[in-house]
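Under this note's numbering, the first residue of the sequence shown carries the number 4, and numbering increases by one thereafter. Heads up, the beta-carbon is just placed ideally off N, CA and C, and yes, glycines get one too. Computed from a predicted model, the values in this text were never measured in an experiment.
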Amino acid sequence: MEDPNWYKREGRLRRYFLPGKKVDGMYVEAIDASGTELMFEGFDNLYDLEFLRLLSLKDCRYVDDWVLSRIGGMFSSSLEMLDLSNCKRISAKGLVALRSLTKLRFLRLDGLENIEGIEKSALMLEDAIPDLVITGLDYDKALSQLEEEEKLLRHDRTVLDAKGNAFVEDDNGRFFYVKGSVNERVAVCDQDKPLVTSVIRRELPAMDTEEFEDLDDLAKGKLRHFLVGSPSGYSWTEQVETILTHEEGWRHWEGIPTEIKMLPKYKRVALLEARRQNKLLNNGELMLELTKDSEQQEQIEGGEMDKQQQQIVCG
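Below you can see the structure in the form of structure tokens.
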């Protein structure tokens with residue numbers, strides 16, 4: 004207690020120069036485990052740290068929701084500062100497990116803005132724990148994402164089931180899952196790649212391509228994601244594009260056409276832009292034709308009125 008020094012691994016053997024047995028009045032108050040491979044099982048060695056006030060788990064790739072639940076149980080009466088920056092395996096639901104840390108005053112969550120719903124969980128934590136300050140999240144961005152989610156839920160093609168899951172209905176009455184309570188997280192390797200990728204394909208939704216793109220954007224890519232066999236993982240959007248690129252190349256080699264909805268993004272965007280330009284051009288030509296027809300009609304009506312006036316004068 005009252006020792007401000009940090010103890011690090013030193014010497015040729017990289018050991019900690021700490022007492023090898025318990026010393027009365029000496030307790031561990033802070034641990035910086037940033038960038039280590041600390042995982043759930045490793046917390047067995049930290050179980051008796053009753054006076055731990057600071058714990059940094061920044062960049063710990065094995066920290067997940069199970070670890071958060073253990074932290075909430077082990078350090079509920081002592082922990083004041085916790086750093087979970089770049090711990091990509093935690094979820095919004097897992098973060099709520101920290102509500103038992105009644106003395107927590109500072110929580111860092113840098114690099115976790117892509118975790119769905121984490122801002123909402125952070126606000127719930129701040130309500131549950133007095134004086135807690137959470138940093139690293141962009142609440143304005145979260146509000147913008149919430150507005151986009153509302154657009155998806157209000158879309159004419161979106162249908163909700165009794166559990167609140169959202170589905171997109173196509174022209175044939177088929178439903179395609181895009182958002183809800185379905186667990187989409189499965190095992191990945193150390194490189195954040197899916198251990199298993201399904202090759203099952205669903206039929207494409209029967210709808211206009213532009214409308215499909217709008218819905219896919221509102222669903223954050225989930226509509227197309229599930230059409231290519233749900234390649235799961237934390238970088239699943241990258242996996243989708245990898246699969247689309249591979250399959251489009253194979254189809255091109257075999258002489259099989261690829262539907263525009265299933266083209267890789269770099270080709271899809273170019274084709275959609277060309278179609279949009281063609282539509283604008285066609286609409287411009289249509290407006291020009293309508294203008295000409297309107298002018299011709301006005302000329303005809305004007306000629307008829309002149310004839311009527313001449314007849315009246317002659318009469």
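With C-beta atoms as the reference, is residue i less than 8 Å away from residue j?
i: L82; j: L58; result: yes
i: K154; j: L221; result: yes
i: R56; j: A36; result: no
i: L149; j: L110; result: no
i: I118; j: L128; result: no
Could you check which residue in the options has the C-alpha nearest to that of residue i?
i: L107; options: S37, R160 and D134; result: D134
i: K282; options: P267, E213, T248 and K223; result: E213
i: D68; options: K96, D143 and M77; result: K96
i: A145; options: K123, E251 and L60; result: K123
i: E116; options: L41, S88 and A277; result: S88
i: L319; options: E257, D173 and I74; result: Missing from the structure shown is residue 319; the chain here goes from 4 to 318 and no further.
i: K218; options: W253, I246, R177 and E172; result: The residue asked about is misnamed: residue 218 is Leu in this sequence, not Lys. Looking at the Cα atoms, E172 is the closest of the given residues.
i: D174; options: K166, L156, E206 and F78; result: E206
i: A165; options: F43, G252 and G183; result: G183
i: E2; options: I132, F179, G224 and A131; result: One cannot answer for residue 2 here, as it falls past the ends of the chain, which runs 4 to 318.
i: D62; options: N48, M127, T105 and I93; result: I93
i: T248; options: R279, I137 and K270; result: K270
i: F229; options: M210, Y180, I246 and K268; result: Y180
i: G176; options: D130, A209 and G167; result: A209
i: G28; options: N48, L52, G45 and E44; result: L52
i: K268; options: Q280, I246, N285 and G258; result: I246
i: R279; options: H158, D211, G167 and N48; result: D211
Between which residues of its own chain and residue i is the CB-CB distance below 8 Å, once the five residues before and five after are set aside?
i: S72; result: G97 and A100
i: L140; result: L112, L115, E116, I121, E122 and A125
i: P331; result: In the structure displayed, the chain extends from 4 to 318; residue 331 sits before or after that span and is not available.
i: Y50; result: M77
i: T105; result: S79, S80 and I132
i: L163; result: L156, A169 and F170
i: S103; result: G75, G76 and S79
i: F178; result: V162, F170, V171 and E172
i: E262; result: L207
Return the bridge partner residues of residue i from the DSSP annotation.
i: S59; result: D35 and D86
i: E172; result: F178
i: T138; result: R111
i: R92; result: D67
i: T161; result: V171
So, at 7 Å on beta carbons, what are the nonlocal neighbours of residue i in its own chain, with the 5 sequence-adjacent residues on each side left out?
i: W256; result: none
i: T39; result: C63
i: Y332; result: With the chain running from 4 to 318 in the structure shown, residue 332 is simply not present.
i: R160; result: V171, E172 and L218
What distance in whole Å lies between the Cβ atoms of residue j and residue i, which are believed to be in contact at a cut-off of 8 Å?
i: F54; j: V31; result: 7 Å
i: E251; j: L266; result: 6 Å
i: E216; j: L275; result: 7 Å
Excluding the 5 residues flanking residue i on each side, which residues of the same chain have their C-beta closer than 6 Å to its C-beta?
i: V66; result: L60 and C90
i: V70; result: F43
i: F46; result: R73
i: D130; result: none
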